[in-house]
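Heads up: the sequence shown begins at 43 in our numbering, then just goes up one per residue. Think of the CB as a built atom: it goes at the ideal place given N, C-alpha and C, for glycine as much as any other residue. These numbers were taken from a predicted model, which means no experiment stands behind them. Here the structure comes first, spelled out in structure tokens, and everything after it is commentary.
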Amino acid sequence: TEVATNLARHAGGGSLLLRRIGSGAARGVDLVAVDRGPGMADVGRCMRDGVSTTGTRGEGLGAISRKADLFDIWSQPGKGAALLARVLEPATASVESLATGAVNIALDHQPVSGDAWAVNERPDAVTLCLVDGLGHGPHAAEAAQEALRVFHEKAGGAPEDVLRALHQALMKTRGAAASICRIPRDASPMRFAGIGNVAGTIVTRQGRRGMLCHNGILGHQVGRIGANDYAAAAGDLVVLHSDGLTMNWDLADYPGLALRHPAIVAAILWRDHSRGRDDACVLAVRRGT
């Protein structure tokens, strides 16, 4: 209730996004609040109890951070704010093996999203998958979920081989676009493969680099299925998204955002770059050491 109250009182409204945490040793829920309000010039000051900009008791942000097992926040004057509060089940791991954030929102009035994402963790590597079922609605969701099923079966292989398996499996569906990114546990280069209208980007301290996707529709018309290797250092962000988001985003427009938890990065990208006429899915992951 504190999060919703903050949105209403200080931002004039916003969005509350929930994501179930159920991978690895962690079990719980992520709550992300994102708004287009006036923002905060001094987040640290606003976190202190007794500080308020609207005449309230000034306990909201401090109380939220104390109750959460993981808390993070980003804000800039004139650019709104985003807040992450993670609550874990008792006796589950409190440290993430991989910092991950995702937003997947269905087109208005659709019962399900035709986009989907997954993270598959193995001893030698972590592999990401983002799928955009052709169109939207239940049939697009059916294609996307079938793709995720096959992805988890084949995730130990090279990304291009995973896409070939998805292509075969999706022939019985309306088809999909998809991207696969394999991130080794050591410092080896990542390997990425994508087919269709999906995007993959690496965000470093120096800027952003796009990763190559090929034309086609998995399950129907596919030409070359290839992959490329990309260097990425510890701390760099990997962002995958469907074409429900525009391509013209740049985290440099949001000072400090690239250093925040990937869940906050994903929420801000969805807030500001969703096209509003399709399902929208964005997955952000920070490469570990």
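Query                                                                                                                                          : Result
Per DSSP, N146 is paired with what?                                                                                                            : C323
Is the shortest distance between the beta-carbon of D320 and the beta-carbons of chain B less than 7 Å?                                        : Absent from the structure: chain B. Only one protein chain is present.
Assuming L126 and L112 form a contact by the criterion Cβ under 8 Å, report the distance between their Cβ atoms to the nearest whole angstrom. : 7 Å
If you drop the 5 nearest sequence neighbours on each side, which residues of the same chain put their C-beta closer than 6 Å to that of A144? : W159, A308, L325
Whose C-alpha, out of P132, N162, P180, V129, is nearest the C-alpha of A148?                                                                  : P180
Secondary structure at L58, three-state DSSP: helix, strand or coil?                                                                           : strand
Under three-state DSSP, which class holds V280?                                                                                                : strand
What separation, rounded to the nearest whole angstrom, lies between the Cα atoms of M82 and I259?                                             : 44 Å
Measure the alpha-carbon distance for A105 versus R62 and round it to whole angstroms.                                                         : 22 Å
By how many angstroms is the C-alpha of G70 removed from the C-alpha of R78?                                                                   : 27 Å
Counting C-beta neighbours from all protein chains within 10 Å, is the total for V76 16 or more, i.e. buried, or is it exposed?                : buried
For the alpha helix (DSSP H) that D314 lies in, which residues bound it at each end?                                                           : 304–315
Alpha carbon to alpha carbon, how far is R99 from A207?                                                                                        : Interpretation of R99 is limited by its pLDDT of 49, a score under 50 that renders its predicted location unreliable; the figure taken from the coordinates is listed afterwards. In a straight line, the C-alpha of R99 is about 57 Å away from that of A207.
If you compare alpha carbons, which of A46, L282, L59 is closest to V240?                                                                      : L282
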